[in-house]
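Protein chains in written order, with this note's numbering: chain F, 1 to 188; chain A, 1001 to 1188; chain Z, 2001 to 2188; chain W, 3001 to 3188.
All residues carry an ideal CB built from backbone N, CA and C; glycine is no exception.
All values reported here derive from a predicted model rather than from experimental measurement.
Worksheet: the structure to be examined is printed underneath.
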C-alpha cells in the first residue's frame, strides 16, 4: 500500500479492527478508520486516538446521533482533534436497501458539533445505481465529502460488487460534485 | 378555503381522512391527500381515486418501498393516473428526530416507477432548523418538489410549530431551490 | 358465517376495513376487529365503536405503546368500553420473521391500563414452528388470550399458510395453555 | 472478586472489553462475556475464545439472528464449544423501553442451533417492573436461563438502578422459575 501511495500520490485510509494490527497500520496509513462494528468499542477507539493520526469514525449500525458524538468524545479526550465522522446508514426495516442512509444526520452534526462529516452511500444503500444522486444530496446537505466504492469489474469483485461504481461513473460523480460544491459555497 | 384560493391564486391540497367527508373535500380541493395513517387503508384510497383529481399519497410510517408502490397501484387501477408520491420519513430508533427522512427513496422511486415524488422534511424531522438543507438535498436527489410547514408565529402554532419555517426562511428556501434546480437540469 | 356460528357454536370475529361494509359486518359478527393497517384510522375506529359490540384493536405496524392506547381512547370516548388490545408484532430489521413480537407489551399494557390484551404470534412471526412456544410465553407474561392461524392443509392455503398450525398442533397448544394458565393463576 | 467467589460459592461472569485486560479477566472469571457493543468485534471474540473458558455472547444491538449465529461461529472455529447466546433486546422505535426484547429469538435459536440461550430482560427493557413476567415468558419459550439485574438499594445504584430488582423480588422470581420449569419439562 505504501508503494501504491507513492505511485498515485493519494493518502491511504485503512480500517483498524484490533489492537494487534494497530502498530502496523499506524505506520503506513495516513488516516485510521474505525468501522461500524467497532463504533462502540471504546477501548479500541482510545488506543487508535493515541496514535495521533486523523481518524474516520463510522457511525454504528444503530447508533443514535448522541451515541455517535459520545464515541467521538473518546477520541477528543485523548487529545486527538482530527476526527472525521462518517454516516454510513443505519439499520432499517426495508430490505430493498442494505441500510437506510440518514442524510439528515449531516446538518444535525453540523449544528451540534464542529467536526467534519462525510457520507458513505455505497455501504448504506448497497446498490450502485443510487450512489451518485445520494452523494450529491449529501454534499448539498452540507457534507464535507463522500466515500464511494469503485471497481473496474464490479461483477468480479470479491465483495461489495453490487454497490461499486465503474471508474467512468466516478468521473461523472466527481465532475458533478465540483459543480454543485461551487453552488453550495455561493448560496451560503 | 375556496375563498382563500381565489384571493391568493394557489391550488388547495387537503387530506381526506374518511369517506364521509370525501364529497365535501372533493368539491373544493384541487388535490386530495392520503395521509400516512391511511397509507394502507385501501378502501379509502380506491374511493378517493375515483374522484378523478390528483392525489398525494404519503408513505406509511413503516411502509417499504414495495408496499408504498402497491398502494399507488390501487389508485392507478381505478383509472386515475395522477398520483404524486410523498416521502415523509419512516419510523427510526433515534428520538432526536421525529422520523428518519429516507432521501434514497427519491432515486429508487424514479428508477422503479414513472410517478412523480415529493418530499416532506418538516414532518419527517420535526425541527425547522434542518428543513432547508434536507429540502435542497431532496431536490438534488431528483425530487419533483418539497412540502414544508410554514407559520408566521411558530411558537403560537396549534401544532407542528417546532418544525415550521418562518416566512422569510421559506423565501430563502425557494430562492435556493430555483438556483439548484437550474443546476440539476444542466447536469442531467 | 352466521350459519357456521349456529353449527359450531363459536362467536365470530370479523375485521372491518371500511365504513361501507360496517352495517353488514355489524349485523352478523359478534366481535369487530380493527386491523393493523387501520390502527390509526380514527374515523373508522369511532364509527366501529358506536356499534356497541366488543372490538379487537390490533396494534399498528409501528405504533408505540402510547399511540396504541390513544387509539383505544377513541373507542372509550364513544362510550364503548369493550376494547380488547391485540399485540401482533411490530416492524423490525430482521427478515427472518415477518415482524418482531413484542411480548413485553403485555405486562406494560397490564400496568398502564385496565384493558384486556391478547397476542397474535402467527402474524407477528410468520412461521408456524415458533407459534406454540411464543403463545405460551404470552400467556405467562399475562396475556388474556392468543389468536393463532390454523389450517387443515397449510400448503394449499390461499394466504398465510406458512404461519398456520395444523389442527392437531392447535390441540397441543390448547392443552398446554390450560395447564400453564392454572400455574399462572396459582403463582399470582 | 475471587474472594467473593470463595465466600458465596457462585461462579463469576465478567465482560471482556479489550485484549489488554483479557489475561487478568481470564485468570479469575469462570465465564467470559462479550458485550453487545463488541458483538461483531470478531478479533476480540476469537481471542476470548482461545482462552478456553465458557463464553456468554450477547446479541448485538441490531444483530439479525444470522449475524448473531455467525458471531458464535467465530468461537466454535477456535475449538471452543462452550458458547452461551444471550438475547438482550434489539433497537426499536418505542422509547418507553430501552430496547425491544425479542423472546421469539429463543425458539428460533433452539431450532437453528444446538447452543444454549439465556435472556437478559433487565437491559432489554430498562424497567424492573416488567422483568419478572418477561423472565418467566423467556423460560416458557425455552430459554436455558435468565440474567437479571439486582440491587439492594436501586435508587442509589451507580447505573442501571431503574431496571434492578430488589433482592426479595429476585426470590419471588427464582421461586416462580422453579415452578414453571417443572411445568416446561413435563409438557415436553
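Per DSSP, the unbroken beta strand (DSSP E) holding residue 1014/A starts and ends at 1013 to 1015. Residue range 2131 to 2140 is occupied by the alpha helix (DSSP H) that includes residue 2132/Z, with no beta strand (DSSP E) assigned at that position. Taking one beta carbon from each stretch, the segment 1133 to 1151 of chain A and the segment 97 to 112 of chain F have 3 or more pairs nearer than 8 Å; the two touch.
When C-beta distances to chain F are compared with 8 Å, the residues of the segment 1049 to 1067 of chain A below that value are 1062, 1064, 1065, 1066, in chain order.
In its chain, beyond the 5 residues on either side, 83 have a beta carbon closer than 7 Å to the beta carbon of residue 76/F.
With a contact defined as Cβ atoms closer than 8 Å, residue 1134/A and residue 107/F qualify at about 7 Å.
Not one beta carbon of chain Z lies nearer than 8 Å to the beta carbon of residue 3119/W. Per DSSP, the unbroken beta strand (DSSP E) holding residue 1031/A starts and ends at 1031 to 1034. About 7 Å separates the CB atoms of residue 3049/W and residue 3074/W; that is less than 8 Å, so the two are in contact.
Straight-line spacing of the CA atoms in residue 1072/A and residue 2047/Z works out to 26 Å. When the Cα atoms are used, residue 2172/Z and residue 2136/Z turn out to be separated by approximately 11 Å.
For chain Z, the residues of the segment 1087 to 1108 of chain A that bring a beta carbon within less than 7 Å of one of its beta carbons are 1091, in chain order.
Rounded to the nearest angstrom, the Cβ distance from residue 2125/Z to residue 2163/Z is 7 Å, consistent with a contact under 8 Å. Following the DSSP letters along the chain, one finds residue 1087/A in no alpha helix (DSSP H) but inside the beta strand (DSSP E) bounded by residues 1083 to 1087. Within 9 Å of the CB of residue 1136/A, the CB atoms of chain F belong to 137, 140, 141, 184, 187, in sequence order along the chain.
With distances taken between CA atoms, residue 120/F lies nearest to 99/F out of 99/F, 42/F, 31/F, 64/F. Leaving aside the five residues that flank residue 3157/W on each side, the residues in its chain whose CB is nearer than 7 Å to its CB run, in chain order, 3151, 3164.
In the structure shown, residue 3165/W adopts extended strand secondary structure according to DSSP, grouped into three states. Under the three-state reduction of DSSP, residue 182/F is assigned to helix. Burial of residue 58/F is indicated by the presence of at least 16 other C-beta atoms within 10 angstroms of its C-beta.
Interface criterion met: the Cβ of residue 1018/A is under 8 Å from a Cβ in chain Z.
The C-alpha of residue 2006/Z is placed about 60 Å away from the C-alpha of residue 128/F. With a threshold of 8 Å between beta carbons, residue 2129/Z makes contact with chain W. Residues of chain A whose Cβ lies closer than 9 Å to the Cβ of residue 171/F do not exist; the shortest such Cβ separation is about 13 Å.
Within a 10 Å sphere around the beta-carbon of residue 1094/A sit 16 or more other beta-carbons, which makes this residue buried.
Residue 3054/W counts as buried, since no fewer than 16 other beta carbons sit within 10 angstroms of its beta carbon. Partner residues in the beta bridge of residue 2145/Z, as assigned by DSSP, are 2118/Z. Under the three-state reduction of DSSP, residue 58/F is assigned to strand.
Taking CB atoms only, residue 1005/A has no neighbour in chain Z less than 8 Å away. Under the DSSP assignment, residue 3067/W falls in the alpha helix (DSSP H) whose first and last residues are 3065 to 3077. Residue 123/F has a beta carbon lying at 8 Å or more from every beta carbon in chain A.
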